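Numbering (UniProt numbering), first residue to last: 1 to 332.
Okay, structure coming up:
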């Protein structure tokens, strides 16, 4: 029986999924992309592991940037971090993106669909909106939305206009919005317009908060957007109260910190403080109680009296003592 031995060598290239390039890379920060690609390279090179310091040095980043990047990709669902111990060590697993939840297209005769004037007119209008020709896969997906999602051509055009108004012309982003509309049962223009109005009203408030914090880029990360949603919708706080929390954050930290502001607002919500007057009254009470506590502490730690503090000293005639010591008191 013959034996066949394979002679292999490590790959001198790193395969990157097109889904990562098209869907995840465009919206990610540059340093996050660098961390993902370098970690992917180590993974395909069959390295046993690498520490954050080596990665940070290689990419000219901070170690905290490495941790933030990996947490971001875990939130996006394309890597999994499994703790090994309590020392900050992890197993890292890269998720197979070939099973990514993109639109599943039912097979249909594309040529026949393109003979339908409503489809051809819709595709022409979409191409004009995007300012570029559509790829064959895009054509199939837009038509599939009509068939599978029951979207009308007018609704699809409105959806794309909505995405463009937010500065998003990437097809993967548009596809994600379409899936969200389907899950929210938005299947006609009237429902879509109602949703857009509510969304715009919400973002007007968000932008005012972000501007107050000195943040000009409205393309914030999902955890920050979730906090804004909690402050304005769950807690139902007015802009004045949110700005008050922001002011306190600036006074104490001299910078904007979402988690710190969230902690302030969560505390106020827990204490059922609903107005500026309630908050100022609570702060005054806290300051008074703190001042009283500090005063009592200072009294408690004052210097104790000694046992001989009440001792009355004797009175001496120092001139007479001096004469006696010098012998001048003798009667010679």
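Note that CB positions come from ideal geometry on N, CA and C, so glycine has one too.
All of these numbers come straight from a predicted model, not from anything done at the bench.
(1) Considering only residues of the same chain and omitting the five flanking positions on each side of residue 43, which have a CB-CB separation below 8 Å?
(2) Can you check whether the CB of residue 189 is closer than 8 Å to the CB of residue 154?
(3) Go through its chain and collect everything with a Cβ distance to residue 187's Cβ below 6 Å, but skip five positions before and after it.
(4) Count the other C-beta atoms from every protein chain shown that fall within 10 angstroms of the C-beta of residue 194, then say buried if there are 16 or more, exposed otherwise.
(5) Taking DSSP as the reference, what is the three-state secondary structure of residue 113?
(6) State whether the region 71 to 86 contacts the region 23 to 43, with contact taken as three or more CB pairs (one from each stretch) at a distance under 8 Å.
(7) Which class does residue 26 belong to by DSSP, given the choice of helix, strand or coil?
(8) How would you write the range of the alpha helix (DSSP H) that residue 204 sits in, first residue to last?
(9) Run the CB neighbour count on residue 39, radius 10 Å, all protein chains shown included, and call it buried at 16 or more, exposed below.
(10) Whole angstroms are fine: how far does the CA of residue 115 sit from the CA of residue 202?
(11) What span of residues does the alpha helix (DSSP H) with residue 273 cover, start to end?
(12) Name the residue from 197, 179, 257, 130 whose alpha carbon lies nearest to the alpha carbon of residue 167.
(13) Do residue 127 and residue 133 have their C-beta atoms closer together than 8 Å?
(14) Under 8 Å by Cβ, that's how I've got residue 256 and residue 213 pegged, so tell me the actual separation to the nearest angstrom.
(15) Determine the DSSP secondary structure at residue 35, reduced to helix, strand or coil.
(16) What number of angstroms, rounded off, separates the C-alpha of residue 105 from the C-alpha of residue 182?
(17) Can the beta-carbon of residue 184 be found closer than 8 Å to that of residue 156?
(18) Using CA atoms only, rank isn't needed, just tell me which of 50, 280, 177, 243 is closest to residue 89.
On the basis of the data shown:
(1) Excluding residues within five positions, the ones whose Cβ falls inside 8 Å are 92, 94.
(2) In this structure, residue 189 lies closer than 8 Å to residue 154 by Cβ.
(3) Closer than 6 Å at Cβ, skipping near neighbours: 150.
(4) Classification for residue 194: exposed.
(5) In the displayed model, residue 113 falls within a helix according to three-state DSSP.
(6) Counting Cβ pairs under 8 Å, three or more are found: they touch.
(7) In this structure, residue 26 counts as coil in the three-state DSSP scheme.
(8) Residues 189 to 212.
(9) By the Cβ neighbour-count rule, residue 39 is buried, with 16 or more other Cβ atoms within 10 Å of its own.
(10) In this structure, the alpha-carbon of residue 202 lies about 41 Å from that of residue 115.
(11) Where residue 273 is concerned, there is no enclosing alpha helix (DSSP H), because DSSP gives it neither an H nor an E.
(12) Considering only alpha carbons, the answer is 130.
(13) In contact: residue 127 and residue 133 (Cβ atoms closer than 8 Å).
(14) Contact holds; Cβ gap of about 4 Å.
(15) Reduced to three states, the DSSP call for residue 35 is helix.
(16) With a pLDDT of only 49 at residue 105, under the threshold of 50, the placement of this residue in the model should not be trusted; the figure read from the coordinates follows. Residue 105 and residue 182: Cα-Cα distance of roughly 15 Å.
(17) In this structure, residue 184 lies away from residue 156, with their beta-carbon atoms at least 8 Å apart.
(18) Cα-wise, what sits closest to residue 89 is 50.
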